[in-house]
Every structure is written in C-alpha cells, then in structure tokens.
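Protein chains in written order, with this note's numbering: chain A, 36 to 139; chain B, 10 to 200. Report on the structure given below.
Following this line, the structure appears as structure tokens:
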C-alpha cells in the first residue's frame, strides 16, 4: 500500500488525515491523524496531536500521542506531551516529558 | 537529505496551508493553500481545492483553484481545472478540461509566498541576480537545470529570450543573465 511522505522541507499548517502509513520528515503544525503507522523521522518537527496505530518517533513531537498499537521513541526523539498507548518503548537517548497512559 | 520530495498518498486528506519543500506529488485530497518551490505533480486521483504555486505544475487530477508557476504548467489528459492558469509556458493536452483564465508569459505573476527555501532553490526568472554577487550563485549554477525558461533542454548558454517564441501579445522581457566574462571558469574552478 502506498504511503504518504511529508518531505523534509515541507511545512503543513493544518490538519492531516490519512488512511494509510505516514512518514514525516518535515514540519506539521496542527493535527495528524493516521489510521496506520506513523513514522516521525529525525529532523521532523510535529507541533500537533498525533493519532495512529504503530508509531515510531525519532524527531520532535510537541503534542499528545495516541496510539492504538505501540509507540516507540527512538534515540534522538524529543517528545513533550502525553502518550496513550497499549505498548511503549522509550530508547536510551530519547527525551520525553509527559504522562504515559497504557490503560487503553 | 537534499531531496525533500513529498508524496501525498491516495487515502490522505489535508486541510492546511502547505509551504516550502521541493517536489510535491499528490494523489489524495488537499484543501487550503499549496506553495512549493519545486515541481508539483497532481495525480489522477488527486482533488485539490486550493491555489497552487510552484516552479512547475503537472496536472492529471482535479483542481479548484488558481495555478501559478514560475516555469510551466502542463495539463495532461484527465486534468480538470477550474481556476486561473498562469505560467510562462502552458501546455494543455487533449482531453484536459479547463475553465478559467489562462495566461502565458510572466506578466501578472503574483509574488510568491514560498518559504525561504524557495529562494534558495531558484531565483525567480525576472529578477535573476548577477551570479557573481549572490551567495546562491554556486548553488544556483549547480541546480542550473532550469535557467530562466525551458527546463527540459538545458542549453543554458544561448540567449534564453530568443527561445521563448510567444505568438503575439506581450513578450516577456528577455531574461539574459548578466554574466561577466570568465564567470563560468571561476565557478567551475571554485567547485
């Protein structure tokens, strides 16, 4: 299945609703809702609430993360916001500030 | 990563102002505003309700909004455009649908609100700074696949103004970069 790639220099100010995988390399301000996986690559800046299934974060996210599957914070990730997921991995080297709610 | 190519998949809907970036390919739905520094490729399944600005716009889908490009706009078969189309070069293929004002040539291009990266990519055709002066000169030369007009055929050397044969109407001012003798040698040596 095709996926959506938000390129490195792109800035999206608004809402993104995807029924497929999303790879973010650029900047999103607003809201990101994906039905499938979300990969936030290093260098990406997301100032938005992110909703999705499996998520892998290596960039910067300022906003709440809600996942129906698992959330992985990679080394280098900077997350400020609450995470709601049934499974979570925070790698050594990831920055995280917020609540974790695994009672989904 | 130099290539900031963006692909918006078929199942994606965006309601936002989208700016910056290099090439932009869309197969889903976009509502809002789109200003990119590179090539905009609108797929067959794409539906856009926004004004689109880019260096080059190729359309195969549906757009409700004005199109404005620095180089060329190509409407392929399957394109459905309701809105104005403005670019130095416009190509409308058989089967494309257009409803709006079509204008070729540089006159009347609104100032681009693209992010600063767009300025780095290419200087706008009309106001091309003397390469010796501007810092982007080596970068612009490296990205020189599109000195002012025809992007497909480089032939950067000759007078670009002569290549643009417009049938009557106002011809754009000839875009002849003011290069000093020896600039090319200096540039290639610098790199």
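In this text, a Cβ means the ideal position worked out from N, Cα and C, and glycines have one as well.
Against chain A, a Cβ distance below 9 Å from residue 30 of chain B picks out 41, 42, 43, 44, 45, 46 and 61.
If you draw a straight line from the Cα of residue 137 of chain A to the Cα of residue 41 of chain A, it comes to about 29 Å. Residue 76 of chain B carries a strand assignment under DSSP once its states are collapsed to helix, strand and coil. DSSP places residue 79 of chain A outside both helix and strand once states are collapsed to three, so it counts as coil. Considering only beta carbons, no part of the stretch 53-71 of chain B lies closer than 7 Å to chain A.
With respect to residue 72 of chain A, residue 89 of chain A sits close: the two C-beta atoms are nearer than 7 Å.
Against chain A, the CB of residue 191 of chain B has no partner CB under 7 Å away; the residue lies outside that interface. Counting the other Cβ atoms within 10 Å of the Cβ of residue 113 of chain B gives 16 or more, which makes it buried.
Taking each of B:64, B:53 and B:58 in turn and checking the Cα distance to residue 115 of chain B, the smallest one comes out for B:64. Within chain B, 20 and 21 have C-beta atoms less than 8 Å from the C-beta of residue 54 of chain A, given in sequence order. Scanning its chain for C-beta atoms nearer than 8 Å, with the 5 sequence neighbours on each side dropped, one finds around residue 84 of chain A the residues 66, 67, 98, 99, 100, 101 and 116, in chain order. If you ignore the 5 residues before and after residue 45 of chain A, its C-beta comes within less than 6 Å of the C-beta of 61, all in its own chain and listed in chain order. For residue 197 of chain B, the secondary structure class from DSSP, reduced to helix, strand or coil, is helix. Between residue 68 of chain B and residue 84 of chain B, the gap from beta carbon to beta carbon is short of 7 Å. The beta carbons of residue 31 of chain B and residue 46 of chain B sit about 6 Å from each other, so the pair counts as a contact at 8 Å. Around residue 95 of chain A, the same chain offers 80 and 113 as residues with beta carbons nearer than 6 Å, after the five sequence neighbours per side are excluded.
Under a 10 Å Cβ-count criterion, residue 97 of chain B is classified as buried, with 16 or more other Cβ atoms of the shown protein chains found around its own Cβ. At a cut-off of 7 Å, the C-beta of residue 35 of chain B has no neighbouring C-beta in chain A. Chain-order list of chain A residues neighbouring residue 78 of chain B: empty, with the shortest C-beta distance near 18 Å, by a criterion of under 9 Å. The beta carbon of residue 133 of chain A sits closer than 7 Å to those of 114, 115, 116, 117 and 118, all from its chain and outside the five residues before and after it, given in chain order. A direct Cα-to-Cα measurement between residue 23 of chain B and residue 127 of chain A gives close to 34 Å. Proximity of residue 114 of chain B to chain A, defined by a Cβ-Cβ separation below 7 Å, is not satisfied.
Residues of chain B with a Cβ closer than 7 Å to the Cβ of residue 38 of chain A are, in chain order, 18.
Residue pairing by DSSP puts residue 65 of chain B in a beta bridge opposite B:48 and B:81. With a contact defined as Cβ atoms closer than 8 Å, residue 20 of chain B and residue 53 of chain A qualify at about 6 Å. Under a criterion of Cβ atoms nearer than 7 Å, no residue of chain B is adjacent to residue 107 of chain A; the nearest Cβ is some 21 Å distant.
Taking C-beta separations shorter than 8 Å and ignoring five residues to either side along the sequence, the partners of residue 105 of chain B in its chain run 68, 84, 85, 86, 87, 88, 89 and 90, following chain order.
Note: residue 132 of chain A is bridge-paired with A:115 in the DSSP secondary-structure output.
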